[in-house]
Each structure stands twice: as C-alpha cells, then as structure tokens.
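S.K.: Last residue of the sequence shown: 393 (the working numbering), numbering continuous. Attaching a single structure in structure tokens format; questions to follow.
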Amino acid sequence: MNYKEIVELLKLIENSNLSEFKVKDGEFELSIRTDKYNDQKAPKIVHSNGNSPMSAPVYQNPTAPADAPRPAEAANSPSAPAKDDQSKYLQVKSPMVGTFYRSPSPDKPVFLNIGDRVEVGSVVCIVEAMKLFNEIESEVKGTIVKIMVDDASPVEYDQVLFLVDPN
C-alpha cells in the first residue's frame, strides 16, 4: 500500500461503523482501532477538533490517574506560548503518520534546537513510517522558536512539529 491509499483507507474507516480493521499484504501489516473499539487496556484516541479524520489526536490512557495531566492540558500550561502568540509563527508540519525523531540516530546530535536558523529544504527531523526513515525538509525559512513534539513520539499527518519565526 502506498501513502495515498493508507490515507484514503483511514478516511473510509473513520466514516464507517467498524471498531477494528486489520490488513496484511506480504510483509506489510496494518491494524486500526476506532473509537468504537472497547478495550480497557488500550489508550483511546480522540480527535481534538473532531472535524477531520487527519486532525492531531489526543491520547487518553484509561489506566492513568484521574488527576494526571493530559497532553491537551500540557499544551495549555503557562510555559507554552498562548494560541495568539503562535499565530505569528510559521509551522513545519508532518507530511505523514509515523514516529518523530530529532536526530538521525541515537548517537548523533539533533538536527535542530530552539534558536537555530532553518532554511527551505534543510532537514529538520526524521519521521519513521513502516520501518522507513523519512527525512523531513523545511518548507519555511526562519528561527526555530518551539519544538512541538517529544523525541520518539508518534505523530499524525499534518501535525505541527516546529514553530518558526520568519523574522
């Protein structure tokens, strides 16, 4: 399956009544569970804005303590810039679903730190998808002001990875 087929499949599953979907083609395997799936051990994925199947999810762990901060709450912490402050920044987004890595390998330095200049076409991170490591290039020019994703974290299609000050 190619990337476009997977995205289309995700859209179809999102609009269906399926609770779980699995497909295997040779070495390629894909397993999807929707919010209709009922497993108390598995984290539940809830779309943050609900209007797009590709919107960034919020992972809820049913075994976490009730007072534990959720990722959505962490984004609204005092240390995070306010939503209005972020509107003046350009965004570097993930072009695919996968796992975000800040460096090419664990023993190598990170591609970017806060305060570093980024140019159009420069590699900013790696997103691993189906055991393929994809170098993600910046489509914007400026200074990195915030890294929005933790290293080795899952990312969704079109999820913001970096905020860049164009000035």
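Glycine included, every Cβ here is placed at the ideal spot set by N, Cα and C.
Based on the DSSP output, what are the partners of Val-349 in its beta bridges?
M.R.: Glu-363
S.K.: Note down the Cα distance separating Asn-228 from Pro-321, rounded to an integer number of angstroms.
M.R.: The alpha-carbon separation between Asn-228 and Pro-321 amounts to approximately 14 angstroms.
S.K.: Relative to the alpha-carbon of Ile-348, which residue among Lys-250, Ile-362, Asn-393 and Ile-340 has its alpha-carbon at the smallest distance?
M.R.: Sequence inspection shows Ser at residue 348; the Ile mentioned does not correspond to that position. The option with the nearest alpha carbon to Ser-348 is Ile-362.
S.K.: Between Ile-373 and Tyr-327, what straight-line distance do the alpha-carbon atoms span, to the nearest angstrom?
M.R.: 12 angstroms
S.K.: Quick check on Ser-242: buried or exposed, where buried means 16 or more other Cβ atoms within 10 Å of its Cβ?
M.R.: exposed
S.K.: I'd like the span of the beta strand (DSSP E) that includes Val-233, first residue to last.
M.R.: For Val-233, no beta strand (DSSP E) segment is defined; the enclosing uninterrupted segment is the alpha helix (DSSP H) at 229-240.
S.K.: With DSSP run on the structure shown, which of helix, strand or coil describes Asn-385?
M.R.: Position check: residue 385 holds Gln in this sequence, whereas Asn was assumed. Reduced to three states, the DSSP call for Gln-385 is coil.
S.K.: Any idea if Leu-387 is buried or exposed, counting beta-carbon neighbours within 10 angstroms, 16 or more meaning buried?
M.R.: Label assigned to Leu-387: buried.
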